[in-house]
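2 protein chains.
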Amino acid sequence: MREVAVVGIGLTEFGEKWDSSFRELCVEAGAKAIEDAGMDGDQIQEMFVGNMSGGRFVLQEHIGALIADYSGLATNHIPSTRTEAACASGGLAFRQAVNTIASGSQDIVIAAGVEKMTDVSGGETTDALAGAADREWEGMYGVTFPGLYAMIAVDYMHKYGLTREQLAQVAVKNHYNGARNPIAQYRKEITVDAVMKSTLVADPLRLLDCSPVTDGAAAVILCSMEKAKEFTDCPIKVLASTQATDTISLHDRRDISTLDATIAAADRAFKMAKLEREDIDLVEVHDCFTIAELCAIEDMGFCKKGEAGKFTEEGETALGGKLPVNTSGGLKACGHPVGATGIKQVCEVVAQLRGEAGKRQIDGAEIGMTHNVGGTGATVVTNIFRRA
Amino acid sequence: MREVAVVGIGLTEFGEKWDSSFRELCVEAGAKAIEDAGMDGDQIQEMFVGNMSGGRFVLQEHIGALIADYSGLATNHIPSTRTEAACASGGLAFRQAVNTIASGSQDIVIAAGVEKMTDVSGGETTDALAGAADREWEGMYGVTFPGLYAMIAVDYMHKYGLTREQLAQVAVKNHYNGARNPIAQYRKEITVDAVMKSTLVADPLRLLDCSPVTDGAAAVILCSMEKAKEFTDCPIKVLASTQATDTISLHDRRDISTLDATIAAADRAFKMAKLEREDIDLVEVHDCFTIAELCAIEDMGFCKKGEAGKFTEEGETALGGKLPVNTSGGLKACGHPVGATGIKQVCEVVAQLRGEAGKRQIDGAEIGMTHNVGGTGATVVTNIFRRA
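Quick note, the sequences are listed as chains S and B, same order.
As numbered in UniProt numbering, the first sequence has no gaps in its residue numbers, which increase by one up to the final residue, 388.
As numbered in UniProt numbering, the second sequence has no gaps in its residue numbers, which increase by one up to the final residue, 388.
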């Protein structure tokens with residue numbers, strides 16, 4: 001298998017993008033990635049697009065062809081494939097792109113992710129998102145995603161003595177980072193008190209524990225390591241890209257506050273990259289709810305189970321901490337256009353490893369990791385990157 | 001790149017499956033494929049599932065994880081990826097599975113396709129299917145798939161003098177084949193007269209020119225050629241698997257009755273397989289409407305443009321003809337569960353090359369091909385197979 005590098009990244013601003021259509025968002029991110037790589041669009045040989053629910057949100061399927069067409073890449077008849085695994089759809093697109101180059105079947109591939117969530121009403125959005133869970137055994141009984149993650153939080157707090165304040169600290173830290181990210185949906189800091197007083201959504205989760213509904217897109221250009229030097233002096237090498245599956249229903253898990261797919265994907269990634277946990281300088285994890293960030297840190301092996309709350313409270317996941325987590329602001333503050341999130345995480349880690357992360361830059365970052373979850377953990381994709 | 005073989009196939013019956021759920025259909029096809037391969041499910045290392053619109057038809061996304069889970073494969077946390085390109089979703093799943101083995105990243109992979117279309121009303125089905133076209137520039141103006149293919153048919157008839165009777169002959173031939181396929185939705189023969197007198201849907205296309213709305217699933221198991229001998233005495237080698245993209249809107253094409261993506265995919269496939277058109281013993285093409293079969297035969301290079309009507313009328317595409325086309329009954333008579341079709345085509349060609357196609361067997365078939373289209377030709381996947 002050949003070595004693969006990221007040579008271009010592109011992001012739209014995340015938020016309620018009333019003035020941009022689904023296709024415009026994705027084309028904007030792709031054009032920025034192509035410009036960033038300093039190449040011609042014609043050099044791209046294959047495309048993968050992660051999108052969760054275009055069918056429900058914008059009544060559009062066949063998204064690979066749509067985006068290839070509106071990007072001007074259909075003229076070369078390149079293959080373009082949509083991948084979907086709910087909120088891990090972008091992660092899947094990235095992994096397929098990596099494998100396509102690693103195998104030698106193509107040299108230059110673009111992986112994008114896009115979601116336009118605000119074109120439908122709130123109830124429709126919530127119901128579409130419930131399609132990420134088991135419709136017959138979860139959705140039909142009225143449980144939506146805040147409810148599912150609330151059950152995880154209740155179980156976790158009961159087992160490990162996590163405090164409500166520690167949980168709030170995750171959101172506070174991510175908003176601090178988001179305030180330093182020019183594309184973030186929420187560029188303002190919040191306090192523990194604000195989280196504790198925000199509207200109760202699903203006990204114990206409050207409004208400021210939840211990632212928002214977001215429009216946005218992200219794209220990255222990958223190529224073989226040999227070719228990378230043609231485009232950049234600072235290629236970011238993909239050391240590992242792994243994916244794991246678990247039961248789709250939360251109630252079928254052996255332990256609802258441990259994500260076995262995260263454990264499996266991360267173990268495979270560290271093995272593939274031949275690295276230890278302490279080698280990682282920063283990580284973007286899937287904090288769709290505050291509790292999810294704590295589970296992620298532990299299940300990836302950065303903390304013992306039950307200790308991530310204290311680790312966070314002590315500032316170890318903040319910008320100056322031992323392991324900065326979600327420097328982008330995470331899903332919480334940067335926003336969560338579900339199909340785009342897995343690619344946005346890659347963009348953030350690449351920006352950090354290049355030293356281009358501005359006010360949220362981690363000094364001397366050399367190795368970074370991403371963690372992208374579909375549903376309550378039925379799909380997990382993890383990636384490890386190194387400055388080459 | 002390593003050689004890849006198909007070692008197991010599985011199909012549900014196609015039709016209106018009121019007694020089976022979406023997940024049950026896919027698990028049934030997968031279990032049959034595993035049984036056919038004579039392996040344990042635990043030996044499968046990765047899964048790809050083609051599905052067009054689970055979000056609209058059964059309110060379910062995250063289909064890769066759902067199917068892995070209900071197949072009992074989530075316990076090993078194998079990666080499972082849903083691919084989507086409208087009616088070519090199954091074709092994409094197959095190609096990704098081939099590439100995953102060819103690259104050496106996995107040894108044994110399952111590719112499945114599934115669609116459950118009859119759980120919603122007819123209007124909702126038509127609108128969901130319109131998501132395969134350009135929602136903003138086609139769907140919003142009221143054009144649905146029969147309308148789009150009717151425009152192709154009008155243009156084709158005007159240019160090449162195709163007769164209405166020749167067009168009807170495609171449906172008659174496919175029903176003849178479908179009557180000999182135990183899983184087909186319509187196992188009965190029809191006449192040219194019946195097609196000509198059937199309800200007008202979108203001039204010149206009549207009801208019996210159109211593929212039906214279908215529930216069904218299909219699965220195939222692929223492995224490296226070295227490993228194939230462990231499972232079967234008759235592995236079917238994948239000589240080529242190619243994919244091409246075109247504009248999503250029909251009106252943006254240089255010629256609406258020529259599918260450039262078919263030309264591109266087929267040219268790449270013949271080059272990859274190092275074969276000529278005359279080497280092909282049978283082909284399954286994407287006859288979502290009768291006119292589509294004629295365009296496919298020509299654009300793949302089996303006939304000159306404008307001559308497929310005569311070729312069909314003369315019986316050359318029938319079971320005993322020069323190039324049997326759609327021995328399964330095609331989308332027209334076998335049925336068209338959109339996400340499953342690309343995999344069903346592979347199952348049919350594999351059955352033929354193994355000599356297991358019963359009353360529709362082509363004597364001595366050694367090399368077969370499949371052609372799977374998304375939308376009006378924005379995505380095309382072609383595959384070439386040889387009895388090893």
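Backbone N, C-alpha and C define an ideal beta-carbon position, used for all residues, glycine too.
Keep in mind that this is a model prediction, so the values were computed, not measured.
Short Cβ contact (9 Å threshold) for residue i with residue j
i      : j      : result
B:Q96  : S:T81  : yes
B:L208 : B:A171 : yes
B:C334 : B:Y186 : yes
S:R135 : B:V58  : yes
B:A102 : B:V220 : no
B:I362 : B:L239 : no
B:D246 : S:D69  : yes
B:E291 : B:A111 : Checking the sequence, you will find Ile at residue 291 of chain B rather than Glu. No. Outside cutoff.
S:T199 : S:H286 : no
B:E348 : B:E284 : yes
S:H336 : S:C295 : no
S:G377 : S:L250 : yes
S:G55  : B:R56  : yes
B:N177 : B:L319 : yes
S:R180 : S:K305 : no
S:F14  : S:F48  : no
B:A265 : B:H371 : yes
B:T379 : B:A86  : yes
As assigned by DSSP and simplified to three states, the class of residue i
i                      : result
S:L207                 : helix
S:A29                  : helix
B:T379                 : strand
S:R386                 : strand
B:K271                 : helix
B:I101                 : helix
B:E35                  : helix
residue 393 of chain S : This structure gives no information on residue 393 of chain S, because the portion of chain S shown stretches from 1 to 388.
S:R23                  : helix
Own chain partners of residue i with C-beta closer than 8 Å, once the 5 adjacent residues on each side are dropped
i      : result
B:R354 : C234, I236, R387
S:H62  : R82
B:E165 : V192, M196, E313
B:M225 : R2, E3, V4, A5, P235, K237, A388
S:G10  : E28, A29, G30, A31, K32, A33, I34, E35, D36, A218, A219, V220, C347
Neighbourhood of residue i by C-beta, 6 Å cutoff - its chain only, sequence neighbours within 5 removed
i      : result
S:L25  : T12, V114, A217
S:R277 : G301, F302
B:M1   : A102
S:V7   : A37, I221, C223, A228, F231, T232, P235
B:R268 : T242
S:T144 : T126, A130
Member of the options whose CA lies at the smallest distance from the CA of residue i
i      : options                        : result
B:G280 : B:G315, B:P324, B:M272, B:I248 : Residue 280 of chain B is actually Ile in this sequence, not Gly. The candidate whose alpha carbon is nearest that of B:I280 is B:P324.
B:I263 : B:T382, B:E46, B:G15           : B:T382
B:G375 : B:R268, B:A88, B:D267, B:E356  : B:A88
B:D42  : B:N326, B:F14, B:S71           : B:S71
S:G64  : B:G329, B:A244, B:G315, B:N326 : B:A244
S:E298 : S:F311, S:G139, S:L92          : S:F311
B:G50  : B:Q60, B:F22, B:E84            : B:E84
B:V373 : B:G10, B:A132, B:V109, B:R164  : B:A132
B:H77  : S:H77, S:A261, S:Q166          : S:A261
S:E356 : S:P182, S:W137, S:I44          : S:P182
S:I108 : S:K159, S:I44, S:D119, S:T163  : S:I44
S:G329 : S:K322, S:V380, S:Q345, S:I367 : S:Q345
S:L259 : B:A33, B:T75, B:K32            : B:T75
S:R206 : S:F22, S:G339, S:L275, S:P146  : S:P146
B:A273 : B:F385, B:L129, B:H175         : B:F385
S:I367 : S:Q352, S:G122, S:T379         : S:Q352
S:V338 : S:Q106, S:L275, S:Q60, S:G91   : S:G91
Cβ neighbours of residue i in the same chain (closer than 7 Å, five flanking residues each side left out)
i      : result
S:D203 : A150
S:D155 : I256, S257
B:E16  : T118, D215
S:L331 : S211, H286, D287, C288, T341
B:N174 : D287, N326, G329, G330, K332, A333
S:E316 : K322, L323
Exercise for the section: Would you list, in sequence order, the uninterrupted alpha helix (DSSP H) runs of no fewer than 4 residues that lie entirely inside the UniProt domain "Thiolase C-terminal" (243-386) of chain S? Expected result: 260-273, 290-299, 308-313, 330-334, 341-354
Exercise for the section: Return the chain-ordered ranges of every beta strand (DSSP E) run that is complete within the stretch 86-167 of chain B and spans a minimum of 3 residues. Expected result: 108-115
Handout entry: Every unbroken alpha helix (DSSP H) inside the stretch 41-72 of chain B [4 residues or more]
Key = 54-57, 63-70
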